[in-house]
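J.: One structure, as structure tokens, below. Some questions next.
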């Protein structure tokens, strides 16, 4: 998930090309369907697996861009352009589409009610509209962990065992204190950045976020949001962050060169550490985030109402998002299942990875979800979150004074919401 807005001209060109350049399906061919996904999660692997099992089916996959760019392209297509038959929607963007259910096939008409019990209720419910239409089927959830370099911790005189490290930071204040100890011992930054590794974690540990359960906006009056924001600013002022934004080039190389020693990591991000820093195998460990609870990410597969081949798209969803397929996908890619049965077996709880020193990754991620308290996400959740995290990034870069940060963030949100 990338939080900086793409240049308007670039996005406009990309959206225009997709909306006018793609047909709704394969020209009436019931064995061909168009699939839009965002980049960075290797949907190609799923598509190839499906095509291998169904050689008579043609899946035309388009990786549109970031999660935000994909949502923008879909919004433009729904307004009158050519829609895909199947689209992957990131969880934070889903509320905006759920608010307009007439744009999508109600999957309950295709049999979704028969499989709804397979999925975690709070995840499933986020794709159900007020008229009870089922807009999407969940592909995964995020869960949360803190990944850290055991070798760098040891060099700083800190423990490296995951259980001992978790005991160091039951709270975020404790976490910041550990970071200060690391910086004092090494002279190097402790954490990659305050935006994704602090704010985005603390703000997802609340009982109520940017909206009340009734849908009223409270981002500017909710003390839990203000507290989460203040903790991220405190981390910056404590001097523990490297000012290396997630998904940047420096972030990728920093996993190898020791530019930082720790980073918050949902299940899907752990894969990026292995990809970006293969030579550090065995040096990383995984433990709980402060306060344990968390979820970052998760996506849904949906079928636009004007899709030309909804039946083929639904067949793909049913097969590739079955409990068995999601569990296999976790083993293959690290995508944490959104299915109930995965957490009733030992497959998740016992999962370890030698790259991460055989840390109990499955147990850590599973515990974060057990402690996670679902909250209501409204249609502007992603917009609000982007504006706030961009402000945190500006503070970290030295462009916004810490004592002005909250006011700047509130203005940024209001501007993003159209005043």
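In the numbering used here, the protein residues as written are 287 to 705.
The beta-carbon is built from N, C-alpha and C at its ideal position, and this holds for glycine as well.
Predicted model, so just to flag it, every value in this text is computed and none were measured.
DSSP beta-bridge partners for residue 349?
T.: Its beta-bridge partners are 323.
J.: What are the start and end residues of the alpha helix (DSSP H) that includes residue 537?
T.: It spans 535–543 - the alpha helix (DSSP H) in which residue 537 sits, taken as one unbroken run.
J.: Can you tell me the Cα-Cα spacing of residue 349 and residue 355, whole angstroms?
T.: So the alpha carbons of these two residues sit roughly 10 angstroms apart.
J.: Report the option in 579, 529, 642 and 608 whose CA atom is closest to the CA atom of residue 456.
T.: The shortest C-alpha separation from residue 456 is found at 579.
J.: Can you pull the DSSP bridge partners for residue 549?
T.: 433.
J.: If distances are taken between C-alpha atoms only, which option among 351, 491, 546 and 680 comes closest to residue 442?
T.: With distances taken between Cα atoms, residue 442 lies closest to 546.
J.: Would residue 682 be called buried (16 or more neighbouring beta carbons within 10 Å of its own) or exposed?
T.: Under this definition residue 682 is a buried residue.
J.: For residue 402 versus residue 551, is the C-beta spacing smaller than 8 angstroms?
T.: Against a cut-off of 8 angstroms, the Cβ pair of residue 551 and residue 402 comes out as no contact.
J.: Find the nearest neighbour of residue 632 within the set 424, 642, 479 and 617, judged by alpha-carbon distance.
T.: When only C-alpha atoms are compared, the closest one is 617.
J.: Where does residue 307 land, buried or exposed, given buried means 16+ other C-beta within 10 angstroms?
T.: Residue placement at residue 307 is poorly supported in this model, since its pLDDT is 49, which falls under 50; the coordinates still yield a value, given next. Residue 307 is exposed by the Cβ-count criterion.
J.: Does DSSP put residue 692 in a helix, in a strand, or in coil?
T.: Helix at residue 692.
J.: Given that a residue counts as buried once 16 or more other Cβ atoms are within 10 Å of its Cβ, and exposed if not, what is residue 404?
T.: So residue 404 counts as buried.
J.: Would you report the Cα separation of residue 564 and residue 642, rounded to the nearest angstrom?
T.: Approximately 11 angstroms, taken between the alpha carbons.
J.: Let's see if you can read the secondary structure: which residues bound the beta strand (DSSP E) around residue 570?
T.: Unbroken beta strand (DSSP E) run through residue 570: 570–573.
J.: Do residue 662 and residue 475 count as a contact pair if the criterion is CB distance below 8 angstroms?
T.: For residue 475 and residue 662, no; Cβs fall outside 8 angstroms.
J.: Taking the straight line between their C-alpha atoms, what separation do you get for residue 346 and residue 334?
T.: Cα to Cα, the separation comes out at about 11 angstroms.
J.: Roughly how many angstroms lie between the CA atoms of residue 720 and residue 497, to the nearest whole one?
T.: Residue numbering for the chain in the displayed model covers 287 to 705; residue 720 lies beyond these limits and cannot be assessed.
J.: Between the C-alpha atoms of residue 461 and residue 518, what's the straight-line distance to the nearest angstrom?
T.: Computed Cα separation, rounded: 11 angstroms.
J.: Threshold first: 4 residues or longer. Then list the alpha helix (DSSP H) segments lying entirely within the stretch 640–696, N to C.
T.: Runs of the alpha helix (DSSP H) inside the stretch 640–696: 647–657 and 667–682.
J.: Thinking C-beta only, is residue 427 closer than 8 angstroms to residue 409?
T.: Contact flag set, yes.
J.: Pull up the distance between the alpha-carbon of residue 669 and that of residue 699, whole angstroms please.
T.: Taking the straight line from one Cα to the other gives about 8 angstroms.
J.: On the three-pair Cβ rule with 8 angstroms, is the stretch 512–527 touching the stretch 678–692?
T.: Short answer: they touch.
J.: Between which residues of its own chain and residue 323 is the CB-CB distance below 6 angstroms, once the five residues before and five after are set aside?
T.: The answer, listed in chain order, is 329, 349 and 374.
J.: Checking contacts by CB at 8 angstroms: is residue 564 closer than that to chain B?
T.: Protein chain content of the structure displayed is limited to a single chain, and chain B is not contained in it.
J.: Looking at the structure shown, is residue 473 part of a helix, part of a strand, or coil, going by DSSP?
T.: If DSSP states are grouped into helix, strand and coil, residue 473 belongs with coil.
J.: Determine whether the beta carbon atoms of residue 429 and residue 613 lie at a separation below 8 angstroms.
T.: No, Cβ-Cβ distance for residue 429 and residue 613 is not below 8 angstroms.
J.: Suppose contacts are defined by Cβ-Cβ distances below 8 angstroms. Is residue 675 in contact with residue 481 by that definition?
T.: In contact: residue 675 and residue 481 (Cβ atoms closer than 8 angstroms).
J.: I need the DSSP call for residue 744, collapsed to helix, strand or coil.
T.: Shown here, the chain extends from 287 to 705; a query on residue 744 therefore has no answer.
J.: Just to confirm before moving on: does the CB-CB distance between residue 640 and residue 627 stay below 8 angstroms?
T.: No, the pair does not count as a contact, with Cβ atoms beyond the cut-off.
J.: Under 8 angstroms between the Cβ atoms of residue 477 and residue 528?
T.: Yes, the pair counts as a contact, with Cβ atoms nearer than the cut-off.
J.: Exposed or buried, which one is residue 540 when buried takes at least 16 other CB atoms within 10 Å?
T.: Buried: at least 16 other Cβ atoms inside 10 Å.
J.: Pull up the distance between the alpha-carbon of residue 463 and that of residue 470, whole angstroms please.
T.: Cα-Cα distance, rounded: 11 angstroms.
J.: What's the C-alpha gap between residue 702 and residue 622?
T.: Cα-Cα distance, rounded: 32 angstroms.
J.: Pick helix, strand or coil for residue 468, following the three-state DSSP scheme.
T.: Residue 468: helix per DSSP, three-state reduction.
J.: Would you mind working out which of 372, 315, 331 and 378 sits nearest residue 672, comparing C-alpha positions?
T.: Of the candidates 372, 315, 331 and 378, the one whose C-alpha sits nearest the C-alpha of residue 672 is 378.
J.: Looking at residue 392 and residue 321, is the spacing between their C-beta atoms short of 8 angstroms?
T.: In this structure, residue 392 does not lie closer than 8 angstroms to residue 321 by Cβ.
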